[in-house]
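K.L.:
Supplied in structure tokens, the structure appears directly below.
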Amino acid sequence: MKERIAIVSGYRTPFLKAATNFSFYDADDLAAFVLKHLMLKSGLSNNVVDEVVLGNVAQPSKAANVSRVAALKAGFDLKTPAYTVQRNCASGMESVSSAINKLLAHKADTIVAGGTESMTNIPFLFSKPMKQFFENLMKAKTLPKKLSVLSSFKFKHLMPVIGLMDGLTDPICGQIMGITAENLAKEFSITRREQDEYAFNSHKKALAAQENGFFEQEIIPVLVDNKALITTDNGPMKDQSLKKLQKLRPYFDRHYGTVTVGNACPITDGAAAMILKREADAKRDHDSILGYIVDYDYAGLEPSRMGLGPVYATAKLFKRRNESLADIDAIEMNEAFAAQILANLRAFESDSFSKTFLGLDKALGQVNLETLNPNGGAIALGHPVGVSGSRLLITLLHALRTLKKQRGLATLCVGGGQGAAFIVEVE
561 MKERIAIVSG YRTPFLKAAT NFSFYDADDL AAFVLKHLML KSGLSNNVVD EVVLGNVAQP
621 SKAANVSRVA ALKAGFDLKT PAYTVQRNCA SGMESVSSAI NKLLAHKADT IVAGGTESMT
681 NIPFLFSKPM KQFFENLMKA KTLPKKLSVL SSFKFKHLMP VIGLMDGLTD PICGQIMGIT
741 AENLAKEFSI TRREQDEYAF NSHKKALAAQ ENGFFEQEII PVLVDNKALI TTDNGPMKDQ
801 SLKKLQKLRP YFDRHYGTVT VGNACPITDG AAAMILKREA DAKRDHDSIL GYIVDYDYAG
861 LEPSRMGLGP VYATAKLFKR RNESLADIDA IEMNEAFAAQ ILANLRAFES DSFSKTFLGL
921 DKALGQVNLE TLNPNGGAIA LGHPVGVSGS RLLITLLHAL RTLKKQRGLA TLCVGGGQGA
981 AFIVEVE
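One point on numbering: in my numbering, the residue at position 387 of the sequence shown is 947, and numbering is uninterrupted.
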């Protein structure tokens, strides 16, 4: 990138497990909460925002172009355009990179970007036979024809298609995301105990971060039904233990698998948003700057190995910039699965992997575990799929300040076989 992009301000809602306190809020509602708070905290007028762009994976049918609906609910001017982007798990980063491109092209000066997801409200769908039954019934104009259609009805047609399961199953390789994690566990010989230990540590770090007030910098309180004020993520478990994790049965490959609901991220609801400006403009306007985006890149790979997206995207970004892990002080890597994180760590430090799959002469290097997800990750906090990319960026900038470090890497895997990587800085 020819110029750094300033993140003037960034916030998120608490991340709540599906079917808990955010159950009755759709994606547009959650986004409206954070957009309204973002502008109030920044002190900027909504009128200075040139565009609003949000990532969202499971767009609600009642709010086509959820970004526009949320922006209007949050009080943005009718003249402020808004659009929604989708890159599966990287949707919350795609919104940011889309905004960056417009800012660098001088097609906008101030853009609000982020993501929103209500995984609770991903709908159940009628099966295709049931849909066909309704269509045939609608087309039947006479009583005999209607009776003929009605006689064709079978109760098995009522078996719903679970939208969430459908969306988490890759249509190319035919595997649900949990099986792609099992693939990596086998490829890199990752044991069940290693996965459970990693998951347990994610909870420990997240709980410590909650106790020391780290997340208060980025979380906005949400008043639910004018009764309960939600101020924290409800994923981190105080009573979590390695013993409890080891008792869980494999969920995706029930006979030979190692991936469980305990060493994978929970289904989650939430939203996040940030204000982006060109560095020179932000400094000219004397904005309080959270940090800067230096550069970004995306990469593709086999859908069945999608969890390796971080190492592929990071390698592509580093190669183009002639940089290495030595230039990075801290990393936020999305924890879709413990197996996926551990596979990436091994791939990062493997010469043979780098030569075979990344076209490099040597390994990218060893990741410092002390500064990898220092405040826990998605296994504890949750992974609202359209939001996590934005959350990683906001959390990383706060983490760099807490660690008194300067440069960070935010990266995640993407369902469908992609990866995303962003380099950020603080001053």
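Backbone N, C-alpha and C define an ideal beta-carbon position, used for all residues, glycine too. In this text the structure is predicted, and so the values were computed from the model without any measurement.
(1) The beta strand (DSSP E) with residue 890 in it runs from where to where?
(2) How many Å lie between residue 944 and residue 740 at the Cα?
(3) Can you list, in chain order, the residues of its chain with a C-beta nearer than 7 Å to that of residue 841? Leave out the 5 residues immediately preceding and following it.
(4) Please determine, among 963, 763, 563 and 569, the residue with the shortest C-alpha to C-alpha distance to residue 835.
(5) Can you tell me where the alpha helix (DSSP H) holding residue 662 begins and where it ends?
(6) Is it the case that the CB of residue 743 approaches a heavy atom of the ligand HEM more closely than 8 Å?
(7) In or out: residue 895 buried (at least 16 other Cβ within 10 Å) or exposed?
(8) Rounded to a whole number of angstroms, what is the C-alpha to C-alpha distance between residue 628 and residue 643?
(9) Helix, strand or coil for residue 945? Go by DSSP, reduced to three states.
(10) Grab me the residues of residue 800's own chain with a C-beta within less than 6 Å of its C-beta, minus the 5 sequence neighbours each way, in chain order.
(11) So is residue 863 buried or exposed if we call it buried at 16+ other beta carbons inside 10 Å?
(12) Using the three-state DSSP reduction, which class does residue 728 fall into: helix, strand or coil?
(13) Go through its chain and collect everything with a Cβ distance to residue 921's Cβ below 8 Å, but skip five positions before and after it.
(14) Should residue 829 be labelled buried (16 or more other beta-carbon atoms within 10 Å of its own) or exposed?
(15) Along the chain, where does the beta strand (DSSP E) that runs through residue 569 open and close?
(16) Starting from the Cα of residue 964, find the closest Cα among 977, 732 and 931 and give me that residue.
(17) At a cut of 8 Å, does the region 923-930 reach the region 741-752 through at least three beta carbon pairs?
(18) Are three or more beta carbon pairs between the region 692-705 and the region 784-795 nearer than 8 Å?
(19) For the beta strand (DSSP E) containing residue 784, name the first residue and the last one.
(20) So what does DSSP say about residue 562, is it helix, strand or coil?
(21) Counting Cβ pairs, one atom from each stretch, are 3 or more of them under 8 Å apart for the region 968-986 and the region 870-878?
(22) Going by DSSP in three states, residue 638 sits in which element: helix, strand or coil?
(23) What are the residues that DSSP puts in a beta bridge with residue 970?
(24) Is it right to say residue 704 is buried, meaning 16 or more other beta carbons lie within 10 angstroms of its own, or is it exposed?
(25) Taking 6 Å as the limit between beta carbons, can you name the residues of its chain near residue 586, skipping five residues before and five after?
(26) On the premise that residue 596 lies in contact with residue 524, defined as a C-beta separation below 8 Å, what is that separation, rounded to the nearest angstrom?
(27) According to DSSP, simplified to helix, strand and coil, what is residue 751?
P.N.:
Quick look at the numbers:
(1) For the purposes of this step, residue 890 is taken as residue 330 along the sequence shown, with counting starting at 1. Here the beta strand (DSSP E) through residue 890 covers 890-893.
(2) Taking the first residue of the sequence shown as 1, we reach residue 944 at position 384. Taking the first residue of the sequence shown as 1, we reach residue 740 at position 180. Cα-Cα distance, rounded: 19 Å.
(3) Taking the sequence shown and counting its residues from 1, the one referred to as residue 841 is at position 281. Correct list, in chain order: 669.
(4) For this step, residue 835 is matched to residue 275 along the sequence shown. Taking only the C-alpha atoms, the option nearest residue 835 is 569.
(5) Position 102 of the sequence shown, counting from 1, holds the residue named residue 662. Counting along the chain, the alpha helix (DSSP H) containing residue 662 begins and ends at 651-664.
(6) Among the ligands in the structure shown, none appear at all, so the ligand HEM cannot be discussed.
(7) Residue mapping note: residue 895 aligns to position 335 of the sequence shown, counting from 1. That one is buried.
(8) As a first step, residue 628 must be located in the sequence shown, where it is residue number 68. As a first step, residue 643 must be located in the sequence shown, where it is residue number 83. Approximately 6 Å, taken between the alpha carbons.
(9) In the sequence shown, the residue the question calls residue 945 occupies position 385. DSSP places residue 945 in coil when its eight states are reduced to three.
(10) Within the sequence shown, residue 800 is the residue found at index 240, counting from 1. Within the same chain, residue 800 has close Cβ partners 763.
(11) Locating residue 863 in the sequence shown gives position 303, where the first residue counts as 1. Here residue 863 is buried. Its C-beta has 16 or more other C-beta atoms within 10 Å.
(12) In the sequence shown, counting from the first residue as 1, residue 728 sits at position 168. In this structure, residue 728 counts as coil in the three-state DSSP scheme.
(13) Here residue 921 refers to the residue found at position 361 of the sequence shown. Excluding positions up to five away in sequence, the list reads 914 and 915.
(14) Taking the sequence shown and counting its residues from 1, one reaches residue 829 at position 269. With 16 or more other Cβ atoms within 10 Å, it is buried.
(15) As a first step, residue 569 must be located in the sequence shown, where it is residue number 9. Residue 569 -> beta strand (DSSP E) spans 565-572.
(16) Locating residue 964 in the sequence shown gives position 404, where the first residue counts as 1. The shortest Cα separation from residue 964 among 977, 732 and 931 belongs to 931.
(17) Short answer: they don't touch.
(18) no
(19) As a position in the sequence shown, residue 784 is number 224, starting the count at 1. Residues 782-784.
(20) If you number the sequence shown from 1, residue 562 lands on position 2. It is coil, neither helix nor strand.
(21) yes
(22) For the purposes of this step, residue 638 is taken as residue 78 along the sequence shown, with counting starting at 1. Correct three-state label for residue 638: coil.
(23) Start at 1 with the first residue of the sequence shown, and residue 970 comes out as number 410. Answer by DSSP bridge pairing, in chain order: 892 and 982.
(24) The residue you call residue 704 lines up with position 144 of the sequence shown. Looking at its Cβ environment, which holds fewer than 16 other Cβ atoms inside 10 Å, residue 704 is exposed.
(25) One-based indexing of the sequence shown puts residue 586 at position 26. Within the same chain, residue 586 has close Cβ partners 620, 678 and 681.
(26) Past the boundaries of the shown model lies residue 524; the chain is included only from 561 to 987, so the question cannot be answered.
(27) Taking the sequence shown and counting its residues from 1, one reaches residue 751 at position 191. If DSSP states are grouped into helix, strand and coil, residue 751 belongs with coil.
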